[in-house]
Each structure stands twice: as C-alpha cells, then as structure tokens.
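What follows is a short report on a single structure.
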Ligand code: CDP
Ligand code: MG
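Right, here's the structure in full:
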C-alpha cells in the first residue's frame, strides 16, 4: 500500500498527520487519528487541486475503472437460490441495472457513495450484491447500519426472505434485541450498535464491508460513524486487510461527504441510481394551517377513501399517540366488517366533526346557490401537474364535504357522493399503524397485501419517509410536521417539539405516493407555508447538545475532539459546553490549573477520559444520569437510582391534566383527577427526609406502587400515570440492570418489581447522588435581603439564567421552597419553571460539586467525589467557597 501523503489541507496544526507512527500505537490509542483517506485512491480520474475542490466523479465509475487497473473479478461467487417470483420482483428495481457499476466501483475504491431515491433498492439489494461477490467469505460480515430500529429489523427480514436464507445468516442487532449467530453474514444494526462495537474492536476486523445507510438523514451517530470509518479504512489498508465503506443516501445532497477534505482528501465516487418514480400530483391546503392536524388527516382520509379509486393511503403524523388515535378513529369509521352501524361511542367521538361539517355544509349550500357548482373548494388548490388529473381532483373537491358528511351523519345519504360509482364507499379500510417502537411483527404487517376487498391505510410517523417503502401506496396525506428535539442553548433544556419539516422531507413524503403508479399527495398546509420551510433539515449534530457523543468519543480515546473529521462539525461552543460538563461530572480529566487560565479552549477540548468516564460511557443514558448510576454502588442505592434514572429518561410519566376541557363535564372530571394525582404525589413523596428528595421521590414512589399493583393500565389510569411511559421505564430498568451487571458482575442485581421503599439514610444518599449528577442544574432561592423587586418573590437564581426561575406548581416542593435545589429541566410557559426538583443541603455543595466552587485555599487532594476502590463518596476538608460570578454565602466545611 502506497503511503498516503496528502495532509488535510485546512486543518489545525495538530491535525497534520504525524507519520511513522507505529501501527500498534495507531490501534491502541486513537487519540491521533490517521489522516484522511483518498476516496479514489492514487489514480483518481478526478484532477484534485486543493484550491479548487473537484466535483465528485458522478456516475462514472465504470469509466474510472477503465482508466485504472483492470476490473477485479470477485474471487468467489456465492450462489443464491431466490424464488422465481422474488427474482422477477427484484429485476424491476432500478438498482439492478447498476449492479456491475456498483461492484466495479467497490472493487476499485475503498469508499463509494450510492445515491438513489427511496425505493430504488439500495438497502435490500446492495448487501445481496456484496454477498454474491464474496465479500462475506472467510467468515467475515457485511454490516449495514440504519438510523432506526424499525428499519434494521424489517430490512434483515426482507433480505433473508429475498435470498432464501435463514435469519441466522441475515440477522439484525438493535438496542434491546437481536438474532445474530455464528453464521451471520449480513448484519443489519442501528448505528449506535456499530459505534459500541468500535469501542470494543476499533478496526472492526470481523467486517469486510460496512454500509452506512440513510446517510442523508444525518443522524448524529451516522455522522460520527462516517468520521470514524474514514480513519478505520486507512488503518485497515495499512494492515493489508482492506475494509470497504459504502455510504448510501436517498438524496443527492452529499457534498458534506464529497467536498470535505478533512474527511476524505479525495472525493469518493458517487453512483447515481436513476429513479423510476411516477408523477405525483401535489395538492396544497388553501387555509392557514390548522392546529388540529390529526382531525384534518382524519377528514382527508375519509374523503379519499370515499371518493377516489383504489390505492393505498399513507398518512404522516408526528408521534405514536397520534398514530394510534387516528387509527382508532378510522377503524371506527370504516370497520372491517361491512355495514356495521356506527356505535354510540363513534358518534360521540365525531360530534365535533359533525358540527363542523354541518357548518361547512351550510356554507357549501349557500355557495352552491349563489355561484357555479364549483363549491366548497376552500381546502385545496390543485397544482398543475399534467396528466389531466385536475379533472378528477376538481370532482373530488366538489364532493369532499359530502364525503365526510355521509361518513359521520348517516341521514345525509341523499346528499352524498355520486362520484361516478367508481370507488366503493362501503369498502372496508385496512388501517395499520407504523412507528419506531411498534413491535416488529406488527411493523411487518404493512408489507403484506391488505385483505381482499379492502383498502390499505397506513398511519405512520416519519419512519415511513425514507427508511421503509410500503407497497401499493397511491395517496399520501402529509401533516407537514414532525416531532423534533429542540434544544435551548441557554437553559440547556432539550425537549421534543412538533415543528414543520423541511422541503426536502415534504418532497420525500410526497414521493411515497408514486412508487407503483401515478399518485397524489395532500399537504395539509398552504404552498406559502411550504415556501417558508427550510430547504433541508440541518444535520442533527448542529441542533443538540453533544455531551453524550463527546463522552462516547473520549471512550474511544479520541481526545482532540475538535480535530475529529465530522462531516459537519458541531459549533465550538457546543463542544466546549460538552467538555465543561463532562469535566464537572468527573468524566474527563480537568486540564492543569495553569493551562486552565492560559489556553482554556484548546486544552479543554483535548481532555482525556477518566475511569469514572469510562464507566459512565457504558450506560445508555445521558452523562448526568450515567454519573448518578456510577455513584450508586453504595448503601444499596443501585436499584433506586436505576429506577429514578429510567423514570427521568422516559419523558412525562404523568398524564397532562392541565389541558383545556372541552365541556363542563370534562372539566369536573379533570379537576377531580388533578386533586387525586396531587394527593398521590404527596403520598409518594412522603414526609421528612423522603420529601426532601422531592419530585424524584415521587417518581420512585409512583413506579414502585405501580409495579406493586402489577403495573395494570387501570392503576395507571386511576392515578394519572401514562401506561406507555410505565412500560418503557420497565424496559429501561431491565436494560440498565443488565448494563450494571455486565460491568460489575458481583453486584448481582436483578429487577425486583416489588422493591421496598428506600430507608431514611438511603434517601439521603440518593439526594447526594442526584446532586452530584445534576450539579450544573443547581439553583438557590433568592433571599429576602436580596429581593430586588416583586418578580423575584419565591424565585430562584441559577448560574446561567438572568431571569428568575420558579418551582413548577406540579412539584411536591412547590410550597416547601428549600434554599438549594437541583432540577431536571426548566420549561418555559408563562414563567420559567423548574421540573423534577430535589433538595440540596448547602454543606454538600463544596464536597460533591467542587468544580462549581471557588475555594479560597486550594483543596488538599484533587477531589474526585467518587472513589472507585471504596465505592463511595469521599468527604474531604474544604474551606470557604464561592461560585464564580454567583453570589453565595461562604460555607465552612470541615
Ligand atoms: O433502500 P431503498 O429505499 O432504495 O429501497 P429498498 O428499501 O431496498 O426497497 C426496494 C423495494 O423493495 C421497494 O420497492 C419495496 O417496496 C420493496 N420491499 C418490500 O416489498 N418489502 C420490504 N419489507 C422491504 C422492501
Ligand atoms: Mg433504504
């Protein structure tokens, strides 16, 4: 292998490849990653001058290989016995005609990018090409990463079926489960799983090929994997054990990979798969977007089903709960057993729609009387899309209110549709949900043909946007929104918010309608709103805190995180914030004091990981919570800490009861329930020491009580707990227990649903553990002598925020107003409220959170708050402290 001499042109000085490194050091300490590989090897067909970045040699790999060495014939050819039907189906896929081009490019280049629209066959076919060409001979594995668990499972099953191979050979591995065996040759996994494997075996020696699928999604782990693999490919080449890297994307937007010289000094070849997409007519909503997009989806599906010819419907919603709610409504409206009269319940459920409908019908009648028959088109404008589709559309719009009405209000029959008798209005609808956490066997149902004489309707979250292709979809209903994690840089609070998708995502969604024949996409928002969407979603890594990632990278001994070849790097502030937090948590070694002042930034961004950090990195939770777990191996606290961490990780254990009520009746019910939940919270929080643990004691009590009651949906319902959240907590508790046992077998933990409540001492230890984990979320009550004005009454001050924050009224500490608290998160509604609050004793602060303190004389020994040998906190003597820039009383600690 020739020595690659190109250095990354514009990188930091430290990045300059220090060659002559021994391979051993390259392997054992990845602190200095090797230089970027050249995607196109020495004899690249692309002239590369660093000043003018060349365009990737799109779709010319065949020509490229002609220039280079003669095409490498695969040494082995592994025959596959596919069924004739399967083979026929495969041959229809556009990627099949590119097999040779792809395989030659792979033979020639260490890194290849494949772009092709969703459904062109990338995920299912490329692993098969590689298998047949012998890339899994010698017991090695073809690895494929997916950003979503759903896709990893579904794709492994599909490929196994296509190849007529057992799941023992074509397998999957996801966070909670897998079916990988010794015989596994093609392995689908989530990207997180591969990252963990890199921590165990940096060179990934058991793989000959790694495919990073869905790279256009730019999930954080995908980005990190591409960065890491760019280096692993080099190391493997040096060892004469080449590893092939394939990056697959559903869009052509790959310049972050091809034009990034830090990543690949020469752009890897890009192979484009021509799509076989049928035209999709896009219909925009005319009205201003509705808040109630679920209801709007329901109405739209009703209209389509009533009025339009056969063809599957795919609905995009934002979350699991919405998906289920809509499925329920649709099943009631169109039961699978024909002509079932609607139940009382259904009518009640649709009272709102009926009212709305009646109004709009009146409107429509009026319009009809005064204008041409073209009425009630207030919902959709038809974009010119050719094919004479407009006609049919106009017809549909004409009838759409009626279509809806006949569904909800049975006496409207004569008013109803007369749409040419083509669609059968009583045709049952085969409604299926699809979202990430759905059980795999249920997910698989969407790929089955619907029962004879029914129409398929899949209600999905954006998993159906690119990862999965559902056969037979002709109509797409797009609410235009997706649940996105929102991160506030100031408060450090991250939360899920429903927000508009990007134009690229909306187009992806629309494209799902044109897989098998021309289709239609109904967008429940106006074209003006669409115009305001961002063009592409920004890569996830730029939108969220990165402390968890940085910890994982440090666990891989990548110390100078700032030099890491990210496809798109996170901001320096985000990196610094992450390292600061990890240093404060004790996961990274703080730089020496002198350096600290001088070159804060640079040295801060290259802190090595500590023993504690390594322990923390093994837990699949955020670093703050991982710290709590790492501290909990004392005084029998582990089971409690695991439960608290699981409950904090799963969002919103308690039902939302502050919602506006639709009727007086409901208001009374809600009030009753609020009182009951408040009472239960007080009971779970207990008194005295226990109450000081505050809302986290409530979580512990609620989970404990619920498990004791057999975790029944009834118990949850009666006490305002979300059953789903409770199930997720149970699963996470199991997983965390396994993680603890793996790391520390002598702990011999098992999940005991009926755990006894912690004793008084344990509660105090738990409070200390929580304080140590949430140290950067410390807040102090504003003292009466400091009261500037009334807006600070009962307020708390945090180091980062200038504004007052308050304990949330739902907290059991709302009336207690302790002087020092730590909080789980701050939510902003009318005020800034702290949620998940727990009391801190002032004396603990210098002991447990020394890095947030300033001492008037140096501490005796560097104070790890955690002593791994003794497995407990060390109390050390400190003296007076102040938090920098944050007025606090002096505390004397002995
Ligand atoms: O990865 P890409 O989006 O390019 O396509 P794919 O997932 O490999 O899907 C190729 C074809 O296989 C699609 O047309 C799907 O309809 C079909 N497929 C299927 O019928 N059943 C599955 N479980 C997966 C894919
Ligand atoms: Mg795919």
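Numbering (UniProt numbering), first residue to last: 158 to 1051.
Ideal placement from N, C-alpha and C gives every residue a C-beta, glycine not left out.
In the DSSP assignment, residue 708 falls within the alpha helix (DSSP H) that extends over 704-712.
Contact annotation, residue 668 with residue 416: C-beta distance approximately 26 Å; criterion of less than 8 Å not satisfied.
Only exposed fits residue 246, as fewer than 16 other CB atoms lie within 10 angstroms of its CB. Scanning the stretch 284-346 for uninterrupted alpha helix (DSSP H) segments of 4 residues or longer gives 306-320, listed from N- to C-terminal end. The secondary-structure analysis by DSSP pairs residue 678 across a beta bridge with 439, 633. Contact between the stretch 467-480 and the stretch 626-644 is present: 3 or more CB-CB pairs across the two stretches fall below 8 Å. Per DSSP, reduced to three states, the secondary structure at residue 481 is helical. Relative to residue 241, the option among 296, 256, 268, 320 whose CA is nearest is 320. For residue 586, the enclosing beta strand (DSSP E) starts and ends at 586-591. Distances from the alpha-carbon of residue 676 to those of 713, 716, 640, 631 put 631 closest.
At a cut-off of 6 Å, the beta-carbon of residue 828 does not count as near the ligand MG: no heavy atom of the ligand is closer than that. The ligand MG approaches residue 280 closely enough that one of its heavy atoms is under 6 Å from the residue's Cβ.
If one requires a minimum length of 3 residues, the beta strand (DSSP E) runs lying completely within the stretch 915-950 are 935-938, in chain order.
Taking 8 Å as the upper bound for CB-CB distance, residue 938 and residue 976 are in contact here, some 5 Å apart.
In the structure shown, residue 734 adopts helical secondary structure according to DSSP, grouped into three states. Per DSSP, the continuous alpha helix (DSSP H) segment holding residue 353 begins and ends at 348-357. Ranked by Cα distance from residue 965, the first of 957, 959, 978 is 978.
Judged by beta-carbon spacing, residue 307 lies within the 7 Å limit of residue 620, meaning their Cβ atoms are closer than that value. Short note on residue 251: C-beta not closer than 6 Å to any heavy atom of the ligand CDP. The straight-line gap separating the alpha-carbon atoms of residue 843 and residue 616 is approximately 43 Å. Residue 995 has 979 as its beta-bridge partners, per DSSP.
Residue 277 has its Cβ nearer than 6 Å to a heavy atom of the ligand CDP. For residue 471, the pairing in a beta bridge is given by DSSP as 615, 633. Annotated three-state conformation of residue 881 is helix, per DSSP.
For residue 464, the enclosing alpha helix (DSSP H) starts and ends at 450-464. Taking the Cα positions, residue 726 is about 28 Å away from residue 808. Counted as a single uninterrupted DSSP element, the beta strand (DSSP E) harbouring residue 429 occupies residues 427-430. With a cut-off of 8 Å on Cβ pairs, the stretch 249-269 is not in contact with the stretch 341-348, counting fewer than three such pairs.
Per DSSP, reduced to three states, the secondary structure at residue 829 is helical. Apart from the 5 residues on each side of it in sequence, residue 390 sits with its Cβ closer than 7 Å to the Cβ of 194, 267, 268, 400, 402 in its chain, given in chain order. Taking 6 Å as the cut-off, the C-beta of residue 311 counts as close to a heavy atom of the ligand CDP. Looking only at 733, 383, 888, 427, the smallest Cα-Cα distance to residue 806 is reached by 888.
Taking 6 Å as the cut-off, the C-beta of residue 666 does not count as close to any heavy atom of the ligand CDP. Under the DSSP assignment, residue 273 falls in the beta strand (DSSP E) whose first and last residues are 268-273. Counting along the chain, no alpha helix (DSSP H) covers residue 972, and no H or E run does either.
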